[in-house]
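So the sequence lines, in the order shown, correspond to chains A and B.
Using the working numbering, the letters of the first sequence map in sequence onto residues 486 to 597.
Using the working numbering, the letters of the second sequence map in sequence onto residues 1153 to 1265.
For every residue, glycine included, the Cβ atom is placed at its ideal position computed from N, Cα and C.
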Amino acid sequence: AQSVTQLGSHVSVSEGALVLLRCNYSSSVPPYLFWYVQYPNQGLQLLLKYTSAATLVKGINGFEAEFKKSETSFHLTKPSAHMSDAAEYFCAVSEKGNQFYFGTGTSLTVIP
Amino acid sequence: DTGVSQDPRHKITKRGQNVTFRCDPISEHNRLYWYRQTLGQGPEFLTYFQNEAQLEKSRLLSDRFSAERPKGSFSTLEIQRTEQGDSAMYLCASSLDPGKGQYFGPGTRLTVT
């Protein structure tokens, strides 16, 4: 069965500090993995995707994520947080592309 | 590429009434998904279409819910005999290739009074 766990429903970082949002998944086969961002009162926007071409994936707005099969993790990072990064972030997994499972989300607050 | 659109954006209905939502995917996308999102939760998968065929349906989905995608273009989601627990944001997403991710619409916020 597929599932996603996002550790930490709320994360606060100072502006300019490293952002680390955690995502662990369960899947019986190498999955499709994604991170989405949802800004207040806006729809979900694709941040980045993993599709087995490379373990380190770069996305928009300076975010990247690393796929670690041994740890079943797909953590999202950004070297230096910006105020505009404040949003809700969701990790998602799919084995076949027919059903997608989302985590419960991590709300990122950036402190000036 | 005009993006995924959903109509209406907001719907308030009384318990027991039927409601129908519409989703227009990105024109060349053959895959279409419906999700439900409640406050503080991630999107919950409801159903999936590939072209006009409904290939997946969540086991959690009540039989009061039905979805169609005639001709493989737009899709409708109907909820019959609405209950207060149906209050949520209903999201539609489309894609051409699952590996490239899904594109979400703005959602329809349903409030059942």
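Should B/Thr1265 go down as buried or exposed, given a rule of 16 or more other Cβ atoms within 10 Å for buried?
exposed
What separation, rounded to the nearest whole angstrom, lies between the Cα atoms of A/Asn509 and A/Thr536?
16 angstroms
In the DSSP output, what is A/Gln491 paired with across the bridge?
Answer by DSSP bridge pairing: none, since A/Gln491 is not bridged.
Short of 7 angstroms in beta carbon distance, which residues of its chain neighbour A/Leu541, apart from the five on each side in sequence? Order them along the chain.
Glu549 and Glu551
Sufficient close CB pairs (3 or more, under 8 angstroms) joining the stretch 1175–1186 of chain B to the stretch 1227–1247 of chain B
yes
For the stretch 1226–1253 of chain B, list every residue whose C-beta sits within 9 angstroms of some C-beta in chain A, in sequence order.
Leu1243, Ala1245, Ser1247, Asp1249, Pro1250, Gly1251, Lys1252 and Gly1253
CA nearest to the CA of B/Tyr1200, picked from B/Arg1221, B/Pro1258, B/Gln1189 and B/Asp1238:
B/Arg1221
Per DSSP, what kind of secondary structure is B/Ser1218 in: helix, strand or coil?
strand
Against chain B, does A/Val542 count as a neighbour if the rule is that its beta carbon must be under 9 angstroms from one of theirs?
no
Listed by chain order, chain B residues near A/Tyr517 by CB distance under 7 angstroms
Pro1250 and Gly1251
Assuming contact is defined by CB atoms lying nearer than 9 angstroms, are B/Ile1178 and B/Gly1192 in contact in what I supplied?
no
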